[in-house]
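Working notes, beginning with the structure itself.
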Amino acid sequence: DATAIPPTEAPHEEVAWFNGDVKTAFDKAKSSNMPVFLYWGAVWCPPCHYLKNKVFHRPAFVEKSKEFIPVYLDGDTERAQIWGETFDVKGYPTVIVFNPDGKEIMRLTSGIDAEQYASVLDDAKAQMTPITDVLAKVEKDGPAAAAKEDLHLLAFYAWDQDSQLKLEDDKKLALLKRLWQETPDSLTIEKGRFLCLWLETLHQARSAAKDAAAEGEKPKLPEPTADEAKAIESGLAAIFADPAQRSADSNTIYYWSEETATMLYPDAGAERDAFVASWTDAAKAIEAD
20 DATAIPPTEA PHEEVAWFNG DVKTAFDKAK SSNMPVFLYW GAVWCPPCHY LKNKVFHRPA
80 FVEKSKEFIP VYLDGDTERA QIWGETFDVK GYPTVIVFNP DGKEIMRLTS GIDAEQYASV
140 LDDAKAQMTP ITDVLAKVEK DGPAAAAKED LHLLAFYAWD QDSQLKLEDD KKLALLKRLW
200 QETPDSLTIE KGRFLCLWLE TLHQARSAAK DAAAEGEKPK LPEPTADEAK AIESGLAAIF
260 ADPAQRSADS NTIYYWSEET ATMLYPDAGA ERDAFVASWT DAAKAIEAD
């Protein structure tokens, strides 16, 4: 039998990363009135490989990158570390959008697909509004009345790498809960993102409370109300069932299963087992995609 030859991938364009130093890139952005898309990564970083292989190579993203001055910084180089301090980089990968004047507009979360990245970049480029101003407007008008584009930007802001909002932990927790609860149900992606961001922040607060408790003392943990627990279960079920929401919230699905299951179901049993099974199915669905 003839040996099957796997098809080769059709040639396609790559992101035309700026060939020069960072200062020159920002000078060009200002002179050409173009925003900057800055990617901070490292060759050893698995999430960076995800971005490079699953997002940055997609034709849709490559086309979108032409609307920006795309700058790649290898965080392991000495010069990049200096810029990392300037940009207040907090981890790998970090993706930041700057306006043509060099002011930070948006810090994007990682682990989302190319289409979501492109849509967030569209909204950021259309507004060129710093995320601090976006949040102030949403808080003033209320999430229920806020523009979809503003909620979209907040939903995909890198809250775990925040360098602009600088919210106290309690304020951040309350804000994310409000965004989850008051965002219209029609905005399924954004509402699901806010639920997961609030859940992650809640788990971090619970972990901090455990660490702060004196030896032998029972820690006082922040707990969702009974109604909130039911809403969490319902919201997660919707995320698990929807491929687009699973993709948008993959970080939560990957990393926060045990904390969520034991918080909602403190006692082992059939209910917790069923919840864990649904979570496992969602994770397997992501893996199979």
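Counting the sequence shown from 1 gives a position; the numbering used here is that position plus 19. Idealized CB from N, CA, C, for every residue including glycine. This one's a predicted model, so the numbers in the text were calculated from it and none came from an experiment.
If you measure between the beta carbons of residue i and residue j, is that distance less than 8 Å?
| i | j | result |
| --- | --- | --- |
| residue 162 | residue 201 | yes |
| residue 108 | residue 59 | yes |
| residue 180 | residue 113 | yes |
| residue 267 | residue 183 | no |
| residue 177 | residue 128 | yes |
| residue 66 | residue 130 | yes |
| residue 365 | residue 263 | With the chain covering only 20 through 308, there is no way to say anything about residue 365. |
| residue 44 | residue 90 | yes |
| residue 305 | residue 269 | yes |
| residue 272 | residue 302 | yes |
| residue 94 | residue 61 | yes |
| residue 198 | residue 167 | no |
Under 8 Å between C-beta atoms, does residue i make it to chain C?
| i | result |
| --- | --- |
| residue 98 | The structure shown contains no chain C; it is built from a single protein chain. |
Among the options, whose alpha-carbon lies nearest the alpha-carbon of residue i?
| i | options | result |
| --- | --- | --- |
| residue 258 | 175, 41, 215, 42 | 215 |
| residue 38 | 303, 280, 242, 92 | 92 |
| residue 111 | 123, 77, 57, 83 | 57 |
| residue 171 | 276, 302, 126, 72 | 126 |
| residue 147 | 33, 236, 159, 121 | 121 |
| residue 260 | 300, 81, 233, 282 | 300 |
| residue 14 | 150, 256, 137 | Residue 14 lies beyond the range of the chain shown here (20 to 308); nothing can be said about it. |
| residue 96 | 234, 35, 249, 63 | 63 |
| residue 149 | 160, 123, 141 | 123 |
| residue 245 | 256, 282, 265 | 282 |
| residue 72 | 248, 278, 34 | 34 |
Just to confirm my understanding: we take residue i, look at its own chain, exclude 5 residues before and 5 after, and list those with CB closer than 7 Å. What are they?
| i | result |
| --- | --- |
| residue 169 | 153, 156, 157 |
| residue 291 | 280, 284 |
| residue 243 | 251 |
| residue 99 | 92, 93 |
| residue 234 | none |
Return the chain-ordered list of same chain residues with a C-beta closer than 6 Å to the C-beta of residue i, the five sequence neighbours on each side being excluded.
| i | result |
| --- | --- |
| residue 48 | 55, 88, 119 |
| residue 276 | 298 |
| residue 165 | 157 |
| residue 74 | 80, 133, 136 |
| residue 32 | 81 |
| residue 196 | 217 |
Once the 5 residues before and after residue i are set aside, which same chain residues still bring their CB inside 8 Å of it?
| i | result |
| --- | --- |
| residue 144 | 54, 86, 87, 116 |
| residue 192 | 217, 220, 221, 224, 241 |
| residue 204 | 210 |
Sufficient close CB pairs (3 or more, under 8 Å) joining the segment 225-244 to the segment 285-305
Not touching, per the Cβ criterion.
Please specify which runs of the beta strand (DSSP E), each continuous and at least 3 residues long, are wholly inside the segment 110-171, giving them in chain order.
DSSP runs (the beta strand (DSSP E)) wholly in the segment 110-171: 113-117, 123-127.
List, from N- to C-terminal side, the alpha helix (DSSP H) runs of 4 residues or more that fit wholly inside the segment 51-76.
Within the segment 51-76, the complete alpha helix (DSSP H) runs of at least 4 residues are 65-69.
Unbroken stretches of the alpha helix (DSSP H), 4 residues or longer, contained in the segment 260-303
Here the runs fully enclosed are 262-267, 269-274, 276-283.
Runs of beta strand (DSSP E) wholly within the segment 188-221 (minimum 3 residues, chain order):
Counting only runs of 3 or more, we get nothing.
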